[in-house]
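First residue of the sequence shown: 371, per my numbering; consecutive thereafter. First up is the structure itself, then whatever we jot down about it.
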Amino acid sequence: MKKLLAILLAAVLLISLCACSKNAKDGEGSEDAESSETGETVLSNDYVTIDGICVDDAYEDEDNSVLKMVYLFYTLNASDENLEADSTYTKLTIGENTYTSERYNDVCLKAPSYYYSDYIEDVYVGSTFKVVTTFKIPKADLEAGKSITLEDSQIPDISDISLSTDDIQHFNGDDSVCEAMDPEGYAEEMYKRETADAETTRKVQNLVNGYYWSFYANYTSYELEFFEGNEFVLSTSLGTSQGGTYTVQNAYIFCTYPTGYTVEIPYEINEAGEIELYCVQAFDVNQ
Numbered sequence: 371m372k373k374l375l376a377i378l379l380a381a382v383l384l385i386s387l388c389a390c391s392k393n394a395k396d397g398e399g400s401e402d403a404e405s406s407e408t409g410e411t412v413l414s415n416d417y418v419t420i421d422g423i424c425v426d427d428a429y430e431d432e433d434n435s436v437l438k439m440v441y442l443f444y445t446l447n448a449s450d451e452n453l454e455a456d457s458t459y460t461k462l463t464i465g466e467n468t469y470t471s472e473r474y475n476d477v478c479l480k481a482p483s484y485y486y487s488d489y490i491e492d493v494y495v496g497s498t499f500k501v502v503t504t505f506k507i508p509k510a511d512l513e514a515g516k517s518i519t520l521e522d523s524q525i526p527d528i529s530d531i532s533l534s535t536d537d538i539q540h541f542n543g544d545d546s547v548c549e550a551m552d553p554e555g556y557a558e559e560m561y562k563r564e565t566a567d568a569e570t571t572r573k574v575q576n577l578v579n580g581y582y583w584s585f586y587a588n589y590t591s592y593e594l595e596f597f598e599g600n601e602f603v604l605s606t607s608l609g610t611s612q613g614g615t616y617t618v619q620n621a622y623i624f625c626t627y628p629t630g631y632t633v634e635i636p637y638e639i640n641e642a643g644e645i646e647l648y649c650v651q652a653f654d655v656n657q
């Protein structure tokens, strides 16, 4: 009887040891699975906060139909040192592929709260500054489930930021992106581009017709002249000359060429009743 009892106790002990061994292995497996997880979203640190990453699904690139315009909106925080900001040379890596930001004409014009320029802007200690950068990225690289990292020598610790293609917001057109990310700025810019009333139109026409503006941009001297009949002529130091018709908006003069291409020239009328045209802002390809 005692011998039988000893055998039974030994069997129970052996089963218990096997169970413990199995549980220990299961625990090790769970720990390995947890430590191998990737793609944790980190959208901010002491210096930068990602406000949004967007893609214009309606965008069609002239040279390559597979490319889509991707926007990265962020806020810089110069908490303890002076910083610098621009919209170029930020690197965005999706998986193994890296893309570098560039500024493109006719993009982000209606999100004025965000700085969008080739030129470096100083951001001083104690201030914040909103910036947008843009990238052309193949549609296939924007599929869900891919990790995204950032690199920019002007932004401390930006490598701490981590997100994924799942965080990308999809929009139909540049206007939709601007309206979503900067609703107040978008509404303001839309108003500025609305057709001016009759009184404002006459006032602007009287201030520009028969006059010309000389300015320098793109390593070239320009002369822009306006005439009655809502006509304009743009001449350059290279000997070229082009003309078309213009219309007056609330804060812009739209100069439209026969091809249909339109240049939007911002203007202001000061308290003295004089008009100021920001021609360089309109014609400079580097802004």
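Where is the CB? At the ideal position from N, CA and C, for every residue including glycine.
Going by DSSP, LYS516 is part of no alpha helix (DSSP H) at all; its letter is neither H nor E. Contact between the segment 610-623 and the segment 559-570 is present, with at least three C-beta pairs closer than 8 Å. With respect to the 8 Å criterion, THR519 and TYR474 are not classified as neighbours on the basis of their beta carbons. The alpha-carbon of SER449 is positioned some 41 Å away from that of THR632. Membership of ASN467 in the beta strand (DSSP E) is indicated by the continuous run 467-470.
Excluding its 5 nearest sequence neighbours in each direction, TYR486 has C-beta neighbours in its own chain below 6 Å: SER457, CYS478, VAL502, listed in chain order. Linking THR468 to ALA510 through their CA atoms gives a straight-line distance of about 14 Å. DSSP lists no beta-bridge partner residue for PRO526. Per the DSSP secondary-structure output, LYS438 pairs in a beta bridge with ILE507. Using a Cβ-Cβ distance cut-off of 8 Å, the segment 541-556 and the segment 420-431 are in contact, since at least three pairs of beta carbons, one from each stretch, lie closer than that value. The beta carbon of THR463 lies closer than 6 Å to those of THR519 in the same chain, with the five residues before and after it left out. Membership of TYR622 in the beta strand (DSSP E) is indicated by the continuous run 622-626.
In the structure shown, VAL655 adopts coil according to DSSP, grouped into three states. DSSP places CYS548 outside any beta strand (DSSP E); the residue lies instead in the alpha helix (DSSP H), whose first and last residues are 544-551. In the structure shown, the three-state DSSP call for THR632 is strand.
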